[in-house]
Every structure is written in structure tokens, then in C-alpha cells.
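Trainee:
2 protein chains.
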Amino acid sequence: MAEPAREERIARLRLMRSATIGPVTYWQLVRRFGSAGAALEAVPALAARGGGRMPTLTSRDAAEREMERVAALGARHLFRGDPDYPRLLAEVESAPPALIARGRLELLELPSIAMVGARNASAAACRFARQLAQGLGAAGAVVVSGLARGIDTAAHDGSLESGTIAVVAGGIDIFYPPENADRQRTIGERGLLLSEQPPGLEPRARHFPSRNRIIAGLTSGTVVVEAAPKSGSLITARHAAEFGRDVMAVPGSPLDPRAQGCNLLIRDGAILVQNAADVMETIRPFDVRPVAEEGDGYSAEPPSDIAKAARQGVIDLLSPTPVAIDEIVRQSGLAPAVVQTVLLELELAGRLERHAGGRVSL
Amino acid sequence: MAEPAREERIARLRLMRSATIGPVTYWQLVRRFGSAGAALEAVPALAARGGGRMPTLTSRDAAEREMERVAALGARHLFRGDPDYPRLLAEVESAPPALIARGRLELLELPSIAMVGARNASAAACRFARQLAQGLGAAGAVVVSGLARGIDTAAHDGSLESGTIAVVAGGIDIFYPPENADRQRTIGERGLLLSEQPPGLEPRARHFPSRNRIIAGLTSGTVVVEAAPKSGSLITARHAAEFGRDVMAVPGSPLDPRAQGCNLLIRDGAILVQNAADVMETIRPFDVRPVAEEGDGYSAEPPSDIAKAARQGVIDLLSPTPVAIDEIVRQSGLAPAVVQTVLLELELAGRLERHAGGRVSL
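In order, the protein sequences belong to chains A and B.
Per the numbering used here, the first sequence starts with residue 1, numbered consecutively.
Per the numbering used here, the second sequence starts with residue 363, numbered consecutively.
(1) Can you give me the Cβ contacts of B:Glu715 inside the same chain, cut-off strictly under 6 Å, excluding the 5 residues immediately before and after it?
(2) Nearest to A:Asn263 by CA position, among A:Ala129, A:Arg31, A:Met248, is which residue?
(3) At a Cβ threshold of 7 Å, is A:Gly297 touching chain B?
(4) Compare the C-alpha of B:Leu408 against each of B:Gly720, B:Gly719, B:Gln702 and name the closest.
(5) Going by DSSP, what residues sit across from B:His717 in a beta bridge?
(6) Which bits of chain B does A:Asn275 rub up against, with CB to CB less than 8 Å?
(7) If you run the structure through DSSP and keep just helix, strand and coil, what is B:Phe605?
(8) Closer than 7 Å, Cβ to Cβ, to anything on chain B: give me those residues from the stretch 124–137 of chain A, in chain order.
(9) Using the C-alpha atoms, what's the distance from B:Glu551 back to B:Ala424?
(10) Please tell me whether A:Pro254 and A:Ile266 are closer than 7 Å, where the distance is taken between their beta carbons.
(11) A:Leu343 by DSSP, collapsed to three states: which one?
(12) With a 10 Å radius around its C-beta and 16 neighbouring C-beta atoms as the bar for buried, classify B:Arg379 as buried or exposed.
(13) Taking just the CA atoms, how far does B:Ser595 sit from B:Met642?
(14) Taking 7 Å as the CB-CB limit, is B:Ile628 close to chain A?
(15) Quick check: what's the CA-CA separation for B:Gly574 versus A:Val142?
(16) So with CB distances below 9 Å, who are the chain A contacts of B:Val612?
(17) In whole angstroms, what separates the C-alpha of A:Ile271 from that of A:Glu226?
(18) Out of A:Leu136, A:Ile113, A:Asp152, which has the shortest C-alpha to C-alpha gap to A:Ala123?
(19) Are A:Arg69 and A:Pro97 touching if we call contact CB-CB under 7 Å?
(20) Along the beta strand (DSSP E) that carries A:Ala114, what are the first and last residues, could you check?
(21) Please classify B:Met416: does DSSP put it in a helix, a strand, or coil?
(22) Nearest chain A C-beta to B:Leu596 closer than 7 Å, yes or no?
(23) Mind checking A:Ala121: buried by the 16 CB within 10 Å criterion, or exposed?
(24) Give a yes or no on whether 7 Å exceeds the smallest Cβ distance from A:Asn263 to chain B.
(25) Please identify the residue among A:Asp82, A:Arg76, A:Gly150 whose C-alpha is closest to the C-alpha of A:Arg258.
(26) For A:Ala125 and A:Ala337, I'd like the C-alpha separation in whole angstroms.
(27) Across which residues does DSSP place A:Ser195 in a beta bridge pair?
(28) Please list the terminal residues of the continuous beta strand (DSSP E) segment that includes A:Gly221.
(29) Checking contacts by CB at 7 Å: is B:Leu634 closer than that to chain A?
(30) What's the gap between the Cα of B:Ile317 and the Cα of B:Ala510?
(31) One question on the structure: do A:Ala139 and A:Ala276 come within less than 7 Å of each other, judged by their Cβ atoms?
(32) Does the stretch 555–568 of chain B come close enough to the stretch 449–468 of chain B to have 3 or more Cβ pairs within less than 8 Å?
(33) DSSP three-state label for B:Ala526, please.
(34) Would you identify the three-state DSSP class for A:Leu73, choosing helix, strand or coil?
(35) Go ahead and label A:Arg12 buried or exposed: buried means 16 or more other beta carbons lie within 10 angstroms of its beta carbon, across all protein chains shown.
Have a look at this one:
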């Protein structure tokens, strides 16, 4: 696919930055209508059928400002569906509609490993992480992390020479944590800096788990080094498992509280790794499949008009408790494409929420 | 089965203490001939057919002396096949023909866990092992170990009140290591002391791996606490895996050389455990099957006379390289019972060696 024309890129930004349109919905719309431009035009009618307010679409002006600002930062958009979009990430259902990237894009072509861990990691664990990252680099893998304090920082430092990718939770021009400002600038030149958020966006609590899914989705596997139970690192690990990627963890003594998260992961089936060789042995050969459209119920010609009864049937199966879309298909007896369309309309009408694992609720 | 009569017990001791008769051969002979007494009488003819020297059988006198000495030590023999023989151990092909036991035999009726580990374990690991043993005792499990320095000692100390079984490599009256002499005496009274060796036998290097198989065979699972790669603890773990028991290991930091054995075990599939609850969750419900005779190719009426051609056929398939008995059966086209008989004759003639995993060599 050629670089999309300016008009289509503006349409994509308008669609993806609209408040009620999440990554899954964005992608369904683009695939259903063939382009973001066509999807934008269809949204009002879809929302009306979903029985809600018209979603507030991002203005053309705002989209153009984002494009200019990204260019001014020496960065660019990588749009989902385009050839330069990271291949493994494209396989994830909730992949970001676009990433903003600054630095060496060619790093996205190499096998990559996520390394995550505690912000308050011990000095020994940070040294270990730095050496592990170095070893992974020597073995030909790019290291992906989140530029947080502690393990993330050590992972980037160890792999800066060989290839490091930092995915930040806010805009790529927002330096967080402040002490990593220089490191972030350096990675944007000698490594690769990625974000799904527009420039200028200050990261908030909800942006971090969202960022973690990108770290997991970009890579063949995630290595957790020293993490507490219920930490963000375990969220990244859970995403990796959901995406069918390898989950690896570095063990520690039962007497060390900072090892508990990793030990629990291993007990639950994560692969114990102690060095770069262990990691490289674990990850599958780098996945070279081309970006493929997975069947998700949308045919080339989606049902354009859905009977009122069918729509009500789907709505009746929904509640504030999240339920799997597969379950709705089974219980409604409707074609998957019909169910997906009704859900899309409801979401555009602001009446539906999407959850992890293909579940939805009112 | 009632307590075997004195004559049969003497016959069993004579057979099992004979140099060329290992545990597997012993058990095959007893099962084939129905009693050790009958087997003793048959040995000369079998050895002659195997084409070797008549094995030197232990004298009646030596067997009687062992019985007297065991009695004088306040101990007793537990013979394989009798109801007081440890149930899980009886399922192991190479189970000792008899154990010499001193102490609380009722401990053999409870669920049990083996705890093994490094002799030079760190103080922290020993404290951990003591607490783990205490926790297992509190959860209703007996702890089995080898009375070595380090982890073994800690395991016994932690479980002395609740129930501890020590399997020693030499005779039960030989105190090894010397600093554990008092501990060994105490366990022989308040716990249970076991050995497959006759009283007075000083343990040699080859007795330790042999002892380790008993520790693994007695228990539902083996927990390894801090062990170096290629250590005796890993032999116990390997035996446990071979016997279909659970293998568990306590993890440690990759930076701690003493954690390497455990981490490797976990990487190879052992279950990571951090506390008694993890262990109790892992082990299967205590196996309550009665001692069952497994089919091993011996029928009630074994072939009494084997054609010369068949015997030569088996011999031709043997070499100094160990080969699986199953493989010989397949390649020879002979009935398993015939192959087993020829092997038995060869072994009694001193011409055959048995190896782990049901393999044999010349």
C-alpha cells in the first residue's frame, strides 16, 4: 500500500482522535468502509441507528495541527494497515490506529524483546537488567521498554548501542519521568521513540496500562525483571500472554519481596530466564508473516441494514456486566457480522463499552 | 499377608544381600518363584543356563546375624511385598528388597514430602528450609530427608515435632556425618530412621545416589531448596520425576550461584514453590492405591525352559552399551516373559548389568 494521501491521513486522525472511537472500533470502521474518509461520512448514520447522540468528531483543523506538530518534532505517524506499521503489533486487536515515531524506524524490522520491571528495583536487579539488555542486543534483538525509572531505564541503557525502543505513555515531546528527559531525547535519535498519544499530551494514570499493551504487542516476548505482585509490569506480562507472546520472568528468593511478582508469574506458567541465551532460546523465530487481515466477522460486504428485531436481540443480551462477543453471537443466533455491526453502532452512539478479551458491556 | 515366617525372612536376606542380585532381580526372582526360599533353590540352575559362575549367595549365618543385630538395635526389617513396607516406595521398580527401620513406623502412613538441598547452603536458605518443614508439618505432611549437613539438617529440625523421616546411606547405627549423631539417635526415637543397608555398613560414594532414590520413592513429591547444578539433590529430583512424583524447587536470584540448580530445575519444568501452601497445593492427593503387582512380563507360569535359539537371540542384541528391555523384546520378536527370563539368568551368571530406566548391558 502506498503512503496514504494527505486527505486520508487527516481523515484517519480525525476518526482515531474522536473521543468515543476506540482502537477496535476505529479499525472496524476503516475495514468496513475501506478508508477512514468513507468511515467518517458514515458515522452519523451509524450512530443514529445505535440510538444515541452523534459522536463529537475531531475537527479537520485539530488533525492538521497534529500533523504539523509531529513533523516539527522530526517525527512521523505510522498508521495501522500501512507497511511501515510494526508487524507484530498489527496482529493485536486493540492495536493503536497510529503510532507517532521518532528515530530509527529500521529497528522495527528486527526481532524484539520487551523488558519491564519495578521502578524501585534493587541496584543488583538494575545491573542485571542492563547486562541482560546488552546480551539481548549482542544476540541480535532490539529491547523495548517504557522509559520508567528502575528496570526500564536499565534496559534502555543496556541496549542503546545495539537497538532500543522506548514507548512512552504521553506525547513524545513530554518528558516523563523528568530525570529521563535526556535519555528520552537520546533514544529519539539513536533509538526509536514511540507513542500512541498526540504531542503535548501529559500522561495520566490510564495511559500507562494502555502503553503497556503496546510494549507487549510490539515484541515476540516480554521479560519481567524484579516486580511486585499487582504491578504494571504484570499488566504488560498479561497483555503478552493474551497476545500469544512468550512471557518470561527472572526468579528471585522467596525471602525477597521484590521477587514475588516474578516468582508468581513463573508459578503461573511464565518461563524462567536467567540470561540472554535463555530468552533467545524461548522466543519463537521472528514472525515473518505479512500483515494479514484476520476474519472477525466482517465480510467484504457487511450487512448494511439490520432488522430492528436483530438489533434489539443484541441489545437485550447486553448489560453493565461485560460479556464476550462470541457469547452474544451464540446466544442471539445472529451472524457474527450482524452482531459486530450492531455493537459498532451502539459504540458510536456512546452506549457501549469495550473491554479486554473481546468483551463488551453497556 | 501375615508376617513372613522366620525361614522365609532368612531366605529373603540371603537373596537380597548376595552381591550379584540387585533389587530388580531380587523382586523378579521372588515373584517368579513365589517366595525367596524357592528362589534361592532355583538360582544355581538359572545361573548355569545364563552361562556363568554360580553367584556367591550370602550365608544363612550372615542373614541370621543381621536379624539379630537389627533386633538388638531396636529396629526391624520391612520387606517389600509385606503390608508394612512403604506404599509409594513399593511402586518403584528398583525399590529396596527390605528397609531397616527404627522409630515411629506410623509416620509411613501419612502423606510425605521429600526436602533436599545443598550441604553448604546459606544460613538464609537453612532458615527458610526449617520454616518450610515446619509449615509442611503443620499442614499434615511428614518430611523426608537424608540427614546430610545444610538443608537436610534444617528440614529434619523443622519437622522433628510434627513428623520426620531420615533415610541414611549407611547402616542405621553408623553416624554420618558425625556432627549429626545426636540428631540421628533422636530421629530413631521421635521420628523414623530408615536404611536399605545392613547395620555396621559405612556409607561410600555409591550409596548416596542409591539412598536418594529411596527418598524420592517414599514421597509424593520432592522439594529442592538451594542446590548447585549436578548436585546429589538434583539426582533425587530426577528420581522423583522418573517415578512420576512431583518435582518442586525454591527459586533464587540468577546472581546467586547456589540458586542455579533450583532455577534450572524450574526452567526444565519443576514447579516453583515458595512456601508450604505452594507445596501442599502441588502434590496430588495422597495415593491410596493398595500395593499392586504391575505386569512386567512375568506370568504366573513363567517359561521354564527357553530354546537355545531364543537365548542366543537375546544375547546377540546385548552389548556394553545399555539398551532398553522393551527394545530387546521388539527386536527379538520374543515374548516379554522369555526375554526377562534370559536377562535374569544372565544377571545371575554375572554377565548382565542393569541400568536406570529399564535398560541393560553386558
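The C-beta atom is built at its ideal place from N, Cα and C for all residues, glycine as well.
Mentor: From the atom records:
(1) Ser723
(2) A:Met248
(3) Caution applies to A:Gly297, whose pLDDT of 38 falls short of 50 and renders its modelled position unreliable; the model cannot decide the point.
(4) B:Leu408 has its Cα closest to that of B:Gln702, out of B:Gly720, B:Gly719, B:Gln702.
(5) Paired residue(s): B:Arg721.
(6) Pro616
(7) For B:Phe605, the three-state secondary structure derived from DSSP is coil.
(8) Going along the stretch 124–137 of chain A in chain order, one finds Ala124, Phe128 with a Cβ nearer than 7 Å to chain B.
(9) 27 Å
(10) no
(11) helix
(12) buried
(13) 20 Å
(14) yes
(15) Before going on, a small fix: residue 574 of chain B reads as Asn here, not Gly. Going from the Cα of B:Asn574 to the Cα of A:Val142 covers about 45 Å.
(16) Ser253, Pro254
(17) 14 Å
(18) Here the closest residue by C-alpha is A:Asp152.
(19) no
(20) 112–117
(21) Assigned with DSSP and collapsed to three states, B:Met416 falls in coil, not helix or strand.
(22) No, because no Cβ of chain A sits closer than 7 Å to the Cβ of B:Leu596.
(23) buried
(24) yes
(25) A:Gly150
(26) A:Ala125 and A:Ala337 have their alpha carbons spaced roughly 49 Å apart.
(27) A:Ile100
(28) Annotation: the continuous beta strand (DSSP E) that includes A:Gly221 extends over 221–225.
(29) yes
(30) The displayed coordinates of chain B run from 363 to 724. Any statement about residue 317 of chain B would go beyond what the structure contains.
(31) yes
(32) yes
(33) For the record, residue 526 of chain B in the displayed sequence is Thr; it is not Ala. B:Thr526 falls in the strand class under three-state DSSP.
(34) Here A:Leu73 sits in coil by DSSP.
(35) A:Arg12 comes out buried.
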